[in-house]
Amino acid sequence: MKFWQTRCAGILGMAVPLALATITAAVAADQPPIKIAVIAEESAILGKSITDGARLAVTDINAKGGVNGRMLELVTYDDHSSAADAVRAFQRAVQQDHVSAVVSTFISEVYLALEPWSARLHMPMITAAAASNLITKQVHDDYDKYKYVFEGWLPSPVIAQAVCDSSHDLFVGMLHMKTAAIVSEDADWTTPLDATQAECLPKAGLQVVDHVRFNPDTTDFTPIFNKVEANHPDVLITGMAHVGVQPTVQWHDQHVPMPMGGNSGQATNPTFWKTTNGAADGVITQTGTVPGVALTPRTIPVAEEFIKDSGKFPAFTGFTAYDGVRAFAEAMQRAGSTDPDKVVAEMEKTDMVGTLGQLAFYGRDDTYTHAMRYGPKYVTGVFLQWQDGKQVCVWPRDKCPNPLKFPSFIKLPEQASAK
Amino acid sequence: MLALQILVDGFAISALYGLGAVGFTLMFGVCGVLNLAHGGIMVIAALVGWWVAADYGAGPYGGAAAGVLAGMAGSFVTYYAVIRPIQRSRAIPKVEEEIFILTGTLLWGIMLQVGLNYLFTNNPVSMQPLLPGVLTFAGVRIPWNEVLIAVLCWGVIGLLSLLVNRTRIGKQILAASINPRALTLLGFELGRVYLIVWTIYGVLAGLAGVLLASFLGASADNAGALTASAFTIVILGGLGSVPGSLIAAYIVGYAETITAYLIAPTLRPIPALVILMIVIYLRPQGLLGRR
Amino acid sequence: MGRNIRPSRLLLTVAVLAAGASAPLWLDSYYVGIFTVAYYFGVFAMSWDLLFGFAGEVNFGPTFLIGLGAYGAGLMNNWGLPIPLCLIGGAVVAVVGGIVLAVPALRLRGPYFGLVTLVAVLLLLDFIVIFAAQTGGEIGMMVPDVLSVSTDVNYWYAFGFLVVSAAILFGLSRSSLGLILQATGQDRVEAQALGFNVTKHKIAAFSISALFSGLAGAMLTFYQGTASVDQMVDLSIAVQIIIAVVFGGRRTILGGVLGSIFLVLFDELLRPIGQLNTFVVSAVALLVILFLPDGVLGWVLRPREPR
C-alpha cells in the first residue's frame, strides 16, 4: 500500500506542477504576440543591419519569456530608401498588421516623413541612426503631438560636438594640425552638422579654410578634391552617408595628400575595405563601436551573436536597432501594456545597459527631446581608423590608446608624431 | 595649374562618356533600336568585373575581361529575349514597334537594375586601378589609371572606325544603317549584320562599364542615370551619328567639369541640361543628326 | 450614340459603380488603401490613353506632367496655401508645363517626339535633385496637410475623382473632339486635308491630359503626405502607366483603369518577396507586351468579324 501511496504522491508531485505549467504556457500562447515593425532599406548595408539587429533583439527577448508573457513578433518592410514607400509601409504596419512599435531607417528625410504619421496614428517609433535635429525639434516644440517619436542615436549637432572633441585630441593634440576643410554631402542631416562643426572646430584648434557641400548623386569627386586642396587644409572633415565608396576610392587613387576624418557612414561597414579594394586605409570615422571593444558588458556578447546569426560583424545601426527594440520591450514590460501613451511615458524613463553605452533619452525640457543621451556616462560613440584591413578604435583615448597610421601619400604637418 | 587640370580631367571623363554613347548611337543607327537597358548592361559588366576581381582573386585585368564578357552576354540576352521577339511578333503593328521596343527595353532595364540590386546590394563597388599611382606634371596630378582609360577609350573608338570603314563587314554595317532594305535586296543577310552589331555593342557597353567601375566606381543604382546620360549625349549629338555622339560627349564632359571646378560641384549636371533644352528647341535632330 | 448603350452594359456599369462606392463597408481597410492608390493610377493611365490612343502621340513622359502637378501642389502647400488652392495650382503648373513641352515637341516626327518627352522627365528629375533643399530631392518632400487621416474618406475622394475623370475623359473620347483626335492620330495628312487644325487639336489633347495627370498627381501627394520622385516622376512609373494601358487595352480609356487596378494589386500580392516584386511585375509586363499587345479589354472587345 505504501508503495502505491509513494508512487501516487510521486506522480501527483510531478503531474500537478506539470499541468500548471502547461496551462500557464497554453494561456500565454493563446495571448496574441506583440508585433514590432521594422521599416528599413534592405539593399543598403546600414539598412539591412537595422533589420538584423531588430530580429536578433526579438529572438533574445522571446528566449527570456517575451514581454508580459507575450512573445514578440517582427514584421519587416523594405522602404527602398524612399519616403513615400516608408509612409505606405508605416500605414500598412499600423492599420493592417496592427503593430505596437516601429523601428526605422537611417535616412533623416525618410524618418522626417514618417513623423507626422506617427503623430496622427499615435504609434511609438524609434530611428536607428537618422540624425537631423529637425527630428527632435518637432518633438520639443509640439510635445503632445509628436511625443511618440524617439531617436536611437545622437542628433547631428551632438555628433558634430563629438567630432570636435575627437579632432582636438587626435588632429590637434597628436598630429599638430592647424587647419581643416569641411566636406559634406548636401542632405538633411549634414546641415546642422556642418553648422555646429564650423563653430566648434576653431574652438578645438582647427581653423576652417574651406566648406564644400556636394550633391549626394556625385560620382566624380576629382574637382572637389582638387578645389579643396588649393586651400591647403591639414585635414578633411567629412559628413557623408549616402556616398562613401566612391569618394574614398578616388581620394586614394588620386593620392590626395590630406587625411579624411569626421563622419563617413559607409566606412563604418565591416565590408568597406573589400568594396574599396583597400582604398579605405587610413580613413577615420565616427561609429558606434568596432570589433573587440567592450563599451558595456553587453557589447561583445551581442556582437558575437550577430556574427553567428548573419556571418559578420554588423554596421553600427545593428546595435542601435537592437537596443531600440529592447528599450521598447522593457517600456512595455514596465507599463504592463502596449497602450501608446503608457509606452511613451515608460520609454522616457529608460535607463538601460545598451550595447554602445548606457541608454537613456533626453526629456521634454531638454533641447533634443527624445534623442539618445550623450556623454561619458551614456553614449559617446567611438572613432575608428581603417588600418591594414581592420577597424581600429582610436578615440576616446582612454578606451582606445591605439596609434594612428596613414598611407604613404598622406602629408602630415612637420612636427608630427603619430603617437 | 587649374586650367590644365580642368583640361586633363575633362578629357578623361568625356572619353568615358563617349565610349558609352557611341555604342548607344550605333545601336540606333544600324538596328533602329533605342536600348533603354543600356545602363543596366554597363552595370552588369561593372559588377561582374568587380566580383571576379575581388572574390576570385583575378586581379583588375582578369576582372576587366570578365566584365566585358558579361557585357556581351547582357547584350545578347537583351537582343534574343526582348528585342527580337518584339521585332518578329505578328501581334504588334509595325508602326507601334518602336514604342514597344522602348517600353520593352525600359522594363528589361528595370529588371536588370532590381536584379543586380538584389544580388550585389546598392553599395557602390570599384575595381582596382589597372595602373596604380599618379602622374604629376606642371602642377597637375592625374592618376595613371585615368590616362589609361582615356587612351583605351580612344583606341577602341579608333578600332571601331577602322572596322566600319575598312572591312567588308563594316561596310555592310554602314549600308544597313543607311538602307536596310537595299542591303537585303543585294543578297546580304540582315540578321547576321544585326548580330555583329549587337556583339560590338556588348563589347563597347561592357568596356565602358568596367572602366567606369575602375575610374569612379559603380552600383546597381547607377543603371538608370547611365542610360539617361548616354541618351542625353546621343540626342545632343544626333541620333545615329557616331561623330556627333563623340562631339556631344566632349561638350557635356567639359561643361560638367568646368562647372564643377569653377562654379560649384552641386550644379554640375545643369549645363548639360541647359544645352540639351536649347538644342531640343532650336535643332531637335541634334548637332549632326540626319533626319 | 444612344443606340450603343445596351441595357446589359448599363447594368454592368451601375453594378461596378455600386460595388466601388460601397467598398469601404465590406472590404478590409488594407485593400481599401490599395484601391485608393490604384484609382489615382487609373487617372494617370486614362490621361495617357487619351493622348496616345486618340492623338496617336507616344508620350514617354506622363510623369513629367504628374510630377509638375504633384511637386507644384506640394511646394504651394509648404508655402502655406490650403489644399484646394494647391490642387488648382498644381493642375495649372502641369498644364503650363504640358503646353511648353508640347508646342516645340509636336513639330517633331517619328521617335523624336517620344524621346523629347522622355528628356522632359529626365530634366524634371535632375531639377528636383539639384534643388533638393527645396524639393527634398530623391528622398521626397513632405507636405503639412493631408486630405484626410481616415482610410475610408481617402478612398471616397479617390473613387469620386476617378469616376468624374473617367466620365469626362471617356465622354471626350466619344465626342467630336475625340473623333478628330483619332483622325489626326491615324492619318495626319488626311486630317489636315480635311481642314482640321491638327496642331491645335493635339495641343488641346495634351492640355487635357496634363490637367488630369497633374491634378491626380497633386491629389496623390495630399493622400500620402509626401511628394516623391519614385512614386510620381521616375521613369519606372511612366513604364507602369504604359503597361497599365497596354494591359487593359489601348484606345479604350477605361482599359487603363482595369490595368492600373491589376498592376497595383499584383504589386501588393508580391510584397512578401521583398525587393524582387518589381522584378516580377516588370517580367510579367514584358511577357504581356510580347504576347498580348492588345491588352485584356482590347482582346475582349476585339471585333468579332473574321480577319
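Residue numbers (my numbering), protein chains in the order written: chain A, 626 to 1044; chain B, 2 to 292; chain C, 232 to 538.
Ideal Cβ placement from N, Cα and C applies to all residues, glycine included.
Distance between E930/A and Q1016/A (C-alpha atoms, nearest Å) | As a first step, residue 1016/A must be located in the first sequence, where it is residue number 391. As a first step, residue 930/A must be located in the first sequence, where it is residue number 305. For Q1016/A and E930/A, the distance between alpha carbons rounds to 19 Å.
If you measure from the beta carbon of I399/C to each beta carbon in chain A, is any gap under 8 Å?
-> As a first step, residue 399/C is located in the third sequence; it is residue number 168 there, counting from the start. No, I399/C lies away from the interface with chain A (no Cβ there is under 8 Å from its Cβ).
Under 8 Å between C-beta atoms, does M373/C make it to chain A?
-> The residue you call residue 373/C lines up with position 142 of the third sequence. So, interface residue.
Determine the direct distance from the alpha carbon of V837/A to that of K899/A, and round the result to whole angstroms.
-> As a working note, residue 899/A is residue 274 in the first sequence. As a working note, residue 837/A is residue 212 in the first sequence. In a straight line, the C-alpha of K899/A is about 28 Å away from that of V837/A.
Who are the neighbours of A669/A on chain B, taking C-beta pairs under 9 Å?
-> As a first step, residue 669/A is located in the first sequence; it is residue number 44 there, counting from the start. Chain-ordered, the chain B residues with CB closer than 9 Å to the CB of A669/A read T122, N123, N124.
Could you give the distance in angstroms between the alpha-carbon of E810/A and the alpha-carbon of E369/C?
-> By 1-based counting over the first sequence, the position of residue 810/A is 185. By 1-based counting over the third sequence, the position of residue 369/C is 138. Computed Cα separation, rounded: 13 Å.
Can you name, in chain order, every residue of its own chain whose Cβ lies under 8 Å from the Cβ of F427/C, other than the five neighbours on each side?
-> Stepping through the third sequence from its first residue, residue 427/C is reached at position 196. Within the same chain, F427/C has close Cβ partners I411, A414, T415.
According to a CB-to-CB cut-off of less than 9 Å, which residues of the region 66-86 of chain B neighbour chain C?
-> A82, V83, P86
Going by beta carbon distance, what residues of the same chain come within less than 6 Å of A249/C, once the five residues before and after it are set aside?
-> Looking up residue 249/C in the third sequence gives position 18. Cβ within range, chain order: n/a, list empty.
From what residue to what residue does the alpha helix (DSSP H) around I439/C run?
-> For the purposes of this step, residue 439/C is taken as residue 208 along the third sequence, with counting starting at 1. Where I439/C is concerned, the enclosing alpha helix (DSSP H) stretches over 429-455.
Would A1041/A count as contacting chain B if we go by Cβ distances under 8 Å?
-> In the first sequence, counting from the first residue as 1, residue 1041/A sits at position 416. Low confidence applies here, because A1041/A scores a pLDDT of 47, under 50, leaving its location unreliable and the question unanswered by this model.
Would you give the residue range spanned by the alpha helix (DSSP H) that A919/A belongs to?
-> As a working note, residue 919/A is residue 294 in the first sequence. For A919/A, no alpha helix (DSSP H) encloses it, and the DSSP letter there is neither H nor E.
Under 8 Å between C-beta atoms, does L1037/A make it to chain B?
-> Reading the first sequence from its first residue, position 412 is the one you call residue 1037/A. L1037/A does not count as touching chain B.
Beta carbon of V275/B nearer than 8 Å to that of I143/B = In the second sequence, counting from the first residue as 1, residue 275/B sits at position 274. In the second sequence, counting from the first residue as 1, residue 143/B sits at position 142. Not closer than 8 Å, so no.
Between V1007/A and V915/A, which are expected to be in contact by the criterion C-beta below 8 Å, what is the C-beta distance as a whole number of angstroms?
-> Taking the first residue of the first sequence as position 1, residue 1007/A is located at position 382. Taking the first residue of the first sequence as position 1, residue 915/A is located at position 290. With 8 Å as the limit, V1007/A and V915/A qualify as a contact, their Cβ atoms being about 7 Å apart.
Neighbour-count burial assignment, K852/A, 16 or more Cβ in a 10 Å radius | Counting from 1 along the first sequence, the entry for residue 852/A is found at position 227. With 16 or more Cβ atoms within 10 Å of its Cβ, K852/A is classed as buried.
Roughly how many whole angstroms lie between the Cα atoms of Y262/C and D525/C?
-> Locating residue 262/C in the third sequence gives position 31, counting from the first residue. Locating residue 525/C in the third sequence gives position 294, counting from the first residue. If I take the Cα positions, the gap works out to 28 Å.
Determine the DSSP secondary structure at L697/A, reduced to helix, strand or coil.
-> Stepping through the first sequence from its first residue, residue 697/A is reached at position 72. Here L697/A sits in strand by DSSP.
Give, in chain order, every unbroken run of the alpha helix (DSSP H) that is at least 4 residues long and sits entirely within the region 849-917 of chain A.
-> 870-878, 897-900
Contact the region 172-190 of chain B vs the region 251-264 of chain B: 3+ CB pairs below 8 Å | no
By DSSP, does S729/A sit in helix, in strand, or in coil?
-> As a working mapping, residue 729/A is identified with position 104 in the first sequence. S729/A: strand per DSSP, three-state reduction.
CB contact check: G241/B to chain C, cutoff 8 Å | Within the second sequence, the letter at position 240 stands for residue 241/B. Cβ-Cβ to chain C under 8 Å: no for G241/B.
Helix, strand or coil at Q6/B [DSSP, three-state] | Indexing the second sequence from 1 puts residue 6/B at position 5. Three-state DSSP puts Q6/B in a helix.
CB of I862/A within 8 Å of CB of V788/A, strictly | In the first sequence, residue 862/A corresponds to position 237, counting from 1. In the first sequence, residue 788/A corresponds to position 163, counting from 1. It is a contact, given that the beta carbons lie within the stated cut-off.
Taking just the CA atoms, how far does A753/A sit from L501/C?
-> By one-based count along the third sequence, residue 501/C stands at place 270. By one-based count along the first sequence, residue 753/A stands at place 128. So the alpha carbons of these two residues sit roughly 27 Å apart.
Find out if the Cβ-Cβ distance for the pair L671/A, A940/A is shorter than 8 Å.
-> Here residue 671/A refers to the residue found at position 46 when the first sequence is read from its first residue. Here residue 940/A refers to the residue found at position 315 when the first sequence is read from its first residue. In this structure, A940/A lies closer than 8 Å to L671/A by Cβ.
Residue burial classification, S406/C (beta-carbon count within 10 angstroms, cutoff 16) | The count along the third sequence starts at 1 and reaches residue 406/C at position 175. S406/C comes out exposed.
Since V394/C meets chain A, which of its residues come closer than 9 Å, beta carbon to beta carbon?
-> Start at 1 with the first residue of the third sequence, and residue 394/C comes out as number 163. Here the premise fails: no neighbours, minimum Cβ distance about 24 Å.
Using a C-beta cutoff of 8 Å, does V360/C count as contacting chain A?
-> Locating residue 360/C in the third sequence gives position 129, where the first residue counts as 1. Yes, V360/C lies at the interface with chain A (some Cβ there is under 8 Å from its Cβ).
Touch test, the region 821-833 of chain A against the region 1023-1037 of chain A, Cβ-Cβ under 8 Å, three pairs minimum | no
Inter-residue Cα distance where the pair is L237/B and S440/C | Counted from its first residue, the second sequence places residue 237/B at position 236. Counted from its first residue, the third sequence places residue 440/C at position 209. Straight-line spacing of the CA atoms in L237/B and S440/C works out to 28 Å.
Mind the definition here: the region 702-711 of chain A touches the region 449-462 of chain C only if three or more C-beta pairs lie below 8 Å; say whether that holds.
-> yes
Cβ atoms of G328/C and L353/C: under 8 Å apart, would you say?
-> Against the third sequence, residue 353/C aligns to sequence position 122. Against the third sequence, residue 328/C aligns to sequence position 97. Their beta carbons are not under 8 Å apart, which means L353/C does not touch G328/C by this criterion.
Compute the beta-carbon to beta-carbon distance between M885/A and I909/A, rounded to the nearest angstrom, for a pair I have assumed lies under 8 Å.
-> Translated into the one-based positions of the first sequence, residue 885/A becomes position 260. Translated into the one-based positions of the first sequence, residue 909/A becomes position 284. About 7 Å separates the two Cβ atoms, so the contact holds.
Where the region 989-1003 of chain A meets chain C: residues whose CB sits under 7 Å from a CB there | none
Quick one: what's C1018/A bridged to in DSSP?
-> Residue mapping note: residue 1018/A aligns to position 393 of the first sequence, counting from 1. Paired residues: L1009/A.
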